[in-house]
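Q: Residue numbers (the working numbering): 557 to 1013.
Here a beta-carbon is modelled for each residue, glycine too, at the ideal position from N, C-alpha and C.
Could you have a look at this structure, given as structure tokens, before my questions?
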């Protein structure tokens, strides 16, 4: 995933961007960065680590200017190193460009080879750098025309916040895979991945950037164009509602918490079970667990207590780091769990290793039975649009039956929400969503993603 943020014009642009990134930290814990512009001078700071570790008051004072763009990173293309941290900054013939990107460009390899044949020299292994090279190779003199020309070359998923000279630009692919919203704070416009970032800085939500739309924000005005062919088909990432977005955000125009609670209600209808308590895997499973408990009339309890100083385990870049954070992140309440039949509500099972470790810890507390219920269908296919499901080999549901997965994770029973139940619970019609990770039906044909090492050979 990743989180993007931009604001212009505001005298505390970098400070507000830092707050925005703090609100979006759940979208990427690998690295972060902020770039600002002050009367034709660029100021940039980025590093590996969390926002609270990378930025402080002293650093923020050096990021002067009324225009700022920020990014928190969770890598799906490009390795984990300093040169791949965004925003990505370059000087080109059309001026100075900074790019903050959420998504995956699926024709990266093709574009990379074409640009390299034309003399482009790549500095990183990010698909986002492709956008900078396209802008540099455009023959348009007008900045807006250059942006349109470059984005027209892209396939796949992107929500972008760009700094192009003294202009803030926001853009979303024509399918609308990834979210991007527009807000306003005093006289400044704000672009952000989620509305929770607007809430934190006190900005007013205006609307979502529409699929296929590009907005250009200058000092005194905002203009919007929709230069690409209008698509009736949308492809909103359904995983935003299942896992990624914060529950207090509105995504694609609707509240995440309410959607997740409906998932839990539907899960209880489809797969009832006799138990003494319903407990979530915090935090993304909490809303669904509340819905399950209310519908099933089984008491809701917090059987796992989360250490809130540990981040999200799924978005760690390596399996070893994910395993370590699972052990540190959640601690079972032994006195509550001993001798009980429990329903564990999880938002998803990807590789299965995390669930196995959690259930093993619950068994050690002396629980009588563990019934796991998952608030989405089995993930059987890779995602090429910005989620780290790289190959079918890594997806446990792609290789094993539900009964085998149940045995592997150590549950007494395991059930997944049906695809029909998932779509029924969504606040938008089913045709608006991308469900390729469940069905294998990809809207962008022949997806081809760049590997994390292909540019480093």
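Please report the distance separating the alpha-carbon of residue 900 from that of residue 817.
A: Computed Cα separation, rounded: 15 Å.
Q: Give the range of the alpha helix (DSSP H) segment to which residue 920 is assigned.
A: First-last for residue 920: undefined, no H or E at that position.
Q: Exposed or buried, which one is residue 614 when buried takes at least 16 other CB atoms within 10 Å?
A: With fewer than 16 other Cβ atoms within 10 Å, it is exposed.
Q: Report the residue from 897, 907, 860 whose alpha carbon sits nearest the alpha carbon of residue 890.
A: Considering only alpha carbons, the answer is 860.
Q: Please confirm whether residue 904 has its beta-carbon closer than 7 Å to some beta-carbon of chain C.
A: This model lacks chain C altogether; it includes just one protein chain.
Q: Mapping the DSSP letters down to three states, classify residue 560 as helix, strand or coil.
A: Of the three classes helix, strand and coil, the one that applies to residue 560 here is strand, per DSSP.
Q: Taking C-alpha atoms, which residue in 915, 921, 750, 740 lies nearest to residue 776?
A: When only C-alpha atoms are compared, the closest one is 740.
Q: In three-state terms, what does DSSP make of residue 793?
A: Correct three-state label for residue 793: strand.
Q: Could you give the DSSP three-state label for residue 955: helix, strand or coil?
A: In this structure, residue 955 counts as helix in the three-state DSSP scheme.
Q: Give me whichever residues DSSP pairs with residue 764 in a beta bridge.
A: DSSP, once it has assigned bridges, lists 737 as partnering residue 764.
Q: On the three-state DSSP scale, how would you describe residue 616?
A: Residue 616: helix per DSSP, three-state reduction.
Q: When you compare the region 971-987 with the region 922-942, are there three or more beta-carbon pairs, one atom per stretch, that lie closer than 8 Å?
A: Short answer: they touch.
Q: Apart from the five residues on each side of it in sequence, which residues of its chain come closer than 6 Å, Cβ to Cβ, to residue 982?
A: Hits under 6 Å: none found.
Q: Identify whether residue 723 lies in helix, strand or coil by the three-state DSSP scheme.
A: Strand, per DSSP.
Q: Which two residues bound the contiguous beta strand (DSSP E) that contains residue 941?
A: Per DSSP, residue 941 belongs to no beta strand (DSSP E) and is neither H nor E.
Q: For a quick check, are the C-beta atoms of residue 713 and residue 660 less than 7 Å apart?
A: Closer than 7 Å, so yes.
Q: Assign residue 725 to one of two classes, buried (16 or more other C-beta atoms within 10 Å of its C-beta) or exposed (fewer than that).
A: Burial call: buried.
Q: Between 942, 994, 904, 940, which lies nearest to residue 970 when the distance is taken from Cα to Cα?
A: Ranking the options by Cα distance to residue 970, first place goes to 904.
Q: Beta carbon of residue 624, beta carbon of residue 592: below 7 Å?
A: In this structure, residue 592 lies closer than 7 Å to residue 624 by Cβ.
Q: In terms of DSSP beta bridges, what is residue 590 paired with?
A: Its beta-bridge partners are 601, 626.
Q: Taking buried to mean at least 16 other C-beta atoms within 10 Å of its own C-beta, is residue 618 buried or exposed?
A: Residue 618 is exposed by the Cβ-count criterion.
Q: Count the other C-beta atoms from every protein chain shown that fall within 10 angstroms of the C-beta of residue 711, then say buried if there are 16 or more, exposed otherwise.
A: The residue is buried, with at least 16 neighbouring Cβ atoms inside 10 Å.
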